[in-house]
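Below is one structure; the comments refer to it alone.
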Amino acid sequence: MEDPMRRPSLQATSSTAERARAACQRLSEDSIVEELTGKMKVTRERLQLRRENDTSSLLSPYVTLTFAQTLDGSIATLDRRPLEISCNESMVMTHHLRSVHDCILVGIGTVRSDDPSLTVRLCNGSNPKPVVLDPRLTIRRDCRLLSSPACVRPIVACSRADLVNSSRAVELEALGCTVMGCELQANGHVDLVSVLCGLASLRMKSVMVEGGAQV
Numbered sequence: 001m002e003d004p005m006r007r008p009s010l011q012a013t014s015s016t017a018e019r020a021r022a023a024c025q026r027l028s029e030d031s032i033v034e035e036l037t038g039k040m041k042v043t044r045e046r047l048q049l050r051r052e053n054d055t056s057s058l059l060s061p062y063v064t065l066t067f068a069q070t071l072d073g074s075i076a077t078l079d080r081r082p083l084e085i086s087c088n089e090s091m092v093m094t095h096h097l098r099s100v101h102d103c104i105l106v107g108i109g110t111v112r113s114d115d116p117s118l119t120v121r122l123c124n125g126s127n128p129k130p131v132v133l134d135p136r137l138t139i140r141r142d143c144r145l146l147s148s149p150a151c152v153r154p155i156v157a158c159s160r161a162d163l164v165n166s167s168r169a170v171e172l173e174a175l176g177c178t179v180m181g182c183e184l185q186a187n188g189h190v191d192l193v194s195v196l197c198g199l200a201s202l203r204m205k206s207v208m209v210e211g212g213a214q215v
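Taking UniProt numbering, the leading residue of the sequence shown gets 1, the next gets one more, and so forth.
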């Protein structure tokens, strides 16, 4: 007959499983942080080389693409509601990346839905120059990028057709923005190659792409 005193309790078994899961999670998180730290170092070194060397002949800045995604590969909700996926460590890493880039690029959809500041707040460093892809110059003047004293006024990339004789462009420039005319794709989106060439002409050596889904 089995001694009941020698039988592991359900509570003990459950507790052991929970500790094991927690240990695996910590190991996974530590590995991710270690990998991200290594990639951050490589990115920082490449950006430093850009700063130290003459890049005036280059047609495009150095581009870093950043995004957070869920385990099933999603980066946003279907209804476009703001959703925080990142952990604290990755948010700090994001702000470090912002601080080492000349500019940070988002689409007008992100400006509408998130109203971001695009500043460096979680670490020491300079704020990057925001770049907003806005083909029809629909950015609202009460958004943070245009109204907050803490924000750097953005470069607004629009279609060349909308730039010509545009009172809206004049209004944005009066608010401190730089309005940059670019080619459009057949789907109506701003052509990214045209944007990067324009940024290079403004002596931007590095750009961090932070979203959103369409970009």
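Built from N, CA and C at the ideal position, the CB exists for glycine as well.
Inter-segment contact for the stretch 127-138 and the stretch 172-191 is present: three or more beta-carbon pairs are separated by less than 8 Å. Residue environment for P149: exposed (fewer than 16 other C-beta atoms within 10 angstroms of its C-beta).
Closest in alpha carbon position to G176, among L65, R121, P154, is P154. A residue is called buried when at least 16 other Cβ atoms come within 10 angstroms of its Cβ; V132 meets this threshold and is buried. In the structure shown, the three-state DSSP call for L199 is helix.
L196 counts as buried, since at least 16 other C-beta atoms from the protein chains shown sit within 10 angstroms of its C-beta. Around the beta-carbon of D79, fewer than 16 other beta-carbon atoms lie within 10 Å, marking it exposed. Checking the DSSP bridge columns, you'll see A186 has no partner listed. For G109, the three-state secondary structure derived from DSSP is helix. When DSSP states are grouped into helix, strand and coil, E84 belongs to the coil group.
For L65, same chain residues with a beta-carbon under 7 Å away, outside a window of 5 residues either side, are V209 in chain order. Look at the beta carbons and you see the stretch 105-114 not touching the stretch 161-180: under three pairs across the two are nearer than 8 Å. Ranking G125, N124, P130, S126 by CA distance to the CA of L118 puts P130 first.
Straight-line measurement puts the Cα of G125 at about 10 Å from the Cα of H101. L59 is positioned such that its CB atom lies closer than 7 Å to that of A200. The bridge partners DSSP lists for G211 are V106. Under the three-state reduction of DSSP output, S166 falls in the coil class, being neither helix nor strand. DSSP places M180 within a strand segment (E or B) once states are collapsed to three.
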